[in-house]
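All remarks here apply to the structure that follows.
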Amino acid sequence: MHFPRHLTAALAAGAVLAATAAAAPAGAGAATPPACPAGARCGTVTVPLDRATPSLGTTTVGYALIPRRDQSRPAAGTIVPNPGGPGAATEPAKAMEKLFRPLRDDHDLLLIDPRGVGRSGRLTCTLPGNLADLGPLATQNAVGVCGRSLGQRAGAYGSATIADDFDDVRAALGIERLDLVGESYGSFLFAVYARRHPERVSSLVLAGAYPIAFDTFGRDRAAALRRALRVVCARSRGACSGRRVLADLGTIARALKARPVTIRVEGHRLRIDEEALALTAYTAALGPELYSSLPKVLRLATQGRAEPLLQLIVSVKQLYRGLYAEDGQVNLALNSATSCRDYPVAYDRSAPVAERRAQYRAALKRAGRAAFAPFTPEAWIGAFGDGGDSCIAWPDVKLGDDATAGAVRPAVPTLAIDGELDTNTPSSAARAAAKQFAGGQFVEVPNVAHTPTSDPTGCAQSIISRFIRTHAVGDTRCLKRIPPLPVAR
Numbered sequence: 001m002h003f004p005r006h007l008t009a010a011l012a013a014g015a016v017l018a019a020t021a022a023a024a025p026a027g028a029g030a031a032t033p034p035a036c037p038a039g040a041r042c043g044t045v046t047v048p049l050d051r052a053t054p055s056l057g058t059t060t061v062g063y064a065l066i067p068r069r070d071q072s073r074p075a076a077g078t079i080v081p082n083p084g085g086p087g088a089a090t091e092p093a094k095a096m097e098k099l100f101r102p103l104r105d106d107h108d109l110l111l112i113d114p115r116g117v118g119r120s121g122r123l124t125c126t127l128p129g130n131l132a133d134l135g136p137l138a139t140q141n142a143v144g145v146c147g148r149s150l151g152q153r154a155g156a157y158g159s160a161t162i163a164d165d166f167d168d169v170r171a172a173l174g175i176e177r178l179d180l181v182g183e184s185y186g187s188f189l190f191a192v193y194a195r196r197h198p199e200r201v202s203s204l205v206l207a208g209a210y211p212i213a214f215d216t217f218g219r220d221r222a223a224a225l226r227r228a229l230r231v232v233c234a235r236s237r238g239a240c241s242g243r244r245v246l247a248d249l250g251t252i253a254r255a256l257k258a259r260p261v262t263i264r265v266e267g268h269r270l271r272i273d274e275e276a277l278a279l280t281a282y283t284a285a286l287g288p289e290l291y292s293s294l295p296k297v298l299r300l301a302t303q304g305r306a307e308p309l310l311q312l313i314v315s316v317k318q319l320y321r322g323l324y325a326e327d328g329q330v331n332l333a334l335n336s337a338t339s340c341r342d343y344p345v346a347y348d349r350s351a352p353v354a355e356r357r358a359q360y361r362a363a364l365k366r367a368g369r370a371a372f373a374p375f376t377p378e379a380w381i382g383a384f385g386d387g388g389d390s391c392i393a394w395p396d397v398k399l400g401d402d403a404t405a406g407a408v409r410p411a412v413p414t415l416a417i418d419g420e421l422d423t424n425t426p427s428s429a430a431r432a433a434a435k436q437f438a439g440g441q442f443v444e445v446p447n448v449a450h451t452p453t454s455d456p457t458g459c460a461q462s463i464i465s466r467f468i469r470t471h472a473v474g475d476t477r478c479l480k481r482i483p484p485l486p487v488a489r
């Protein structure tokens, strides 16, 4: 569940802290390609669905090239951002213009939507409208139905193929090299691009990063959650104790595992169980409001006042309902087609599904249980969604190259930058992402979760902008001015 910036922004605005459990709004017009920004050059490039199998036909990849402000001299570079997903379109031009404002005098901005979403040909498959409400087994089966409904196309949306699409757009526009800025899944996609086309990369920024090979069980994410809660409480001026918060999480997790609660919200039945609690804790990676409120609502729940915690859990579940709706901010068909093609798994994809399940159970048993505390392995893996067994029923269709193909540790100027409180793409994962490239550098942003560009002071973005321009990290003293998160008492 490598979140796009859209969801991060929604949480940062306080969406999950509504006093009532209102449904989160779906992305307005997310299924409709955006209009061409004023002054931009927009178009599409036709690419093979699979470059090795011309008989499968073609698809289109859409782009918007927004020129630099100063047209009196050649461009110093071309910035290509990707906000994550997988399955998210590139954000509106105004958001990207604002994010890269310090560079826009002499840098062009190229917005490319991955095949399957936004300006590119939209991917659809057979998925139930209530996917966010299904249990683990039903979700796995629904994802498998989606994959089978795509036929051969189920294998045509891997990151290596998408990276080659981006390079076809670059070539069509006559651009020599790109400055790539990938957030969350974008860090995975652009790492793949840089391995396949290192000579076309001017600079590579991996924000909220994780490596191509990551832990499918998310044990590093569980460790990051424990660390983050301890850090937040250590800087809370006595508002909370990390040890106490983790103990409260464990107590409530055990209670919800033993006796789940089912409630109705706006005509929908929502199951509040251990996995729902784990999802709420995990989602703290996206917005500081969750870290700020979680210690208090957990403490109240252990004292018998569960309503604030229930409201928080329901709000998070409703947010995901909006995110994965038909017109939501993530194309779930593309999300599944990419992650199920590329992400590491604990079973043999070529085996029958029943055998995959047996292999998965054996691997999970070998992983033990302590690494997932304060949750059970099943609840934690179910909460973060990707990896684990989420793709266990996806058909084994091999088109395009694996994500690991390409140069090993190419010498590309690389910065991996990560939030200290990020449980979605932990700092340990970002360090591993930096090591994929010779001379790759790592910066940790204190008191910030996923992704580092959510830093309220602008320090992290200034480091990113300087790196794009100079290929050097430079002075990072501004990181010390990022304030700790306030914690409700």
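End of the sequence shown = 489 in the UniProt record's numbering, gap-free, step of one. Beta carbons: idealized from backbone N, C-alpha and C, even for Gly. Fair warning: this is a prediction, and the values are worked out from it, not measured in the lab.
Residue j beta carbon less than 8 Å from that of residue i
i, j, result
"Pro86", "Asn335", "yes"
"Thr283", "Thr251", "no"
"Gly387", "Thr139", "no"
"Val487", "Cys240", "yes"
"Pro452", "Gly208", "yes"
"Phe375", "Val412", "no"
"Thr78", "Asp106", "no"
"Ile417", "Val205", "yes"
"Ala337", "Gly116", "yes"
"Val473", "Ala460", "no"
"Phe100", "Ala222", "no"
"Cys391", "Ser428", "no"
"Pro377", "Ala362", "no"
"Ala224", "Pro484", "no"
"Gly62", "Pro33", "yes"
"Ala253", "Ala379", "yes"
"His450", "Ser203", "no"
"Leu180", "Val45", "no"
"Leu134", "Ala333", "no"
"Arg196", "Gly406", "yes"
Coil, strand or helix - residue i by DSSP
i, result
"Gly406", "coil"
"Gly84", "coil"
"Pro48", "strand"
"Phe100", "coil"
"Leu180", "strand"
"Arg195", "helix"
"Val16", "Since pLDDT at Val16 reaches only 39, below the 50 mark, its modelled position is unreliable, and the value read off the structure follows with that caveat. Three-state result, Val16: helix."
"Gly29", "Since pLDDT at Gly29 reaches only 37, below the 50 mark, its modelled position is unreliable, and no value is offered."
"Ser120", "coil"
"Arg271", "strand"
"Val145", "helix"
"Phe437", "coil"
"Gly77", "strand"
"Thr58", "strand"
"Ala22", "Since pLDDT at Ala22 reaches only 34, below the 50 mark, its modelled position is unreliable, and the value read off the structure follows with that caveat. Here Ala22 sits in coil by DSSP."
"Val201", "strand"
"Arg469", "helix"
"Arg477", "helix"
"Ile482", "coil"
"Cys233", "helix"
"Asp342", "helix"
"Asp455", "coil"
"Val316", "helix"
Selection from the options that minimises the alpha carbon distance to residue i
i, options, result
"Tyr157", "Arg305, Ala432, Asp396", "Asp396"
"Ala276", "Gln461, Gly385, Asp164, Arg227", "Gly385"
"Glu444", "Ala430, Thr457, Ser454, Gln436", "Ala430"
"Gln311", "Thr280, Cys340, Ser292", "Thr280"
"Cys478", "Leu134, Pro54, Pro456, Leu178", "Pro456"
"Asp168", "Gly155, Leu150, Tyr185, Tyr193", "Tyr193"
"Arg341", "Arg243, Trp394, Ala213", "Trp394"
"Arg264", "Gln318, Leu294, Ala278", "Gln318"
"Met96", "Ala76, Pro67, Gln71, Arg122", "Pro67"
"Leu270", "Gly186, Val316, Asp389", "Val316"
"Phe190", "Leu415, Arg466, Gly419, Phe467", "Leu415"
"Ala255", "Thr262, Ser454, Ile162, Glu274", "Glu274"
"Arg481", "Thr60, Ser465, Gly458, Thr470", "Gly458"
"Cys36", "Leu111, Arg237, Arg349, Gly238", "Leu111"
For residue i, the residue or residues it bridges with in DSSP
i, result
"Tyr63", "Gly43, Ile112"
"Leu206", "Gly182, Ala416"
"Arg264", "Arg269"
"Val443", "Ile417"
"His107", "Gly77"
Nearest-angstrom Cβ-Cβ length linking residue i and residue j, presumed shorter than 8 Å
i, j, result
"Asp113", "Arg104", "That pair is no contact at about 20 Å."
"Tyr347", "Arg356", "4 Å"
"Asp248", "Arg305", "Asp248 to Arg305, Cβ: 13 Å. No contact."
"Ala432", "Pro211", "4 Å"
"Asn424", "Ala285", "4 Å"
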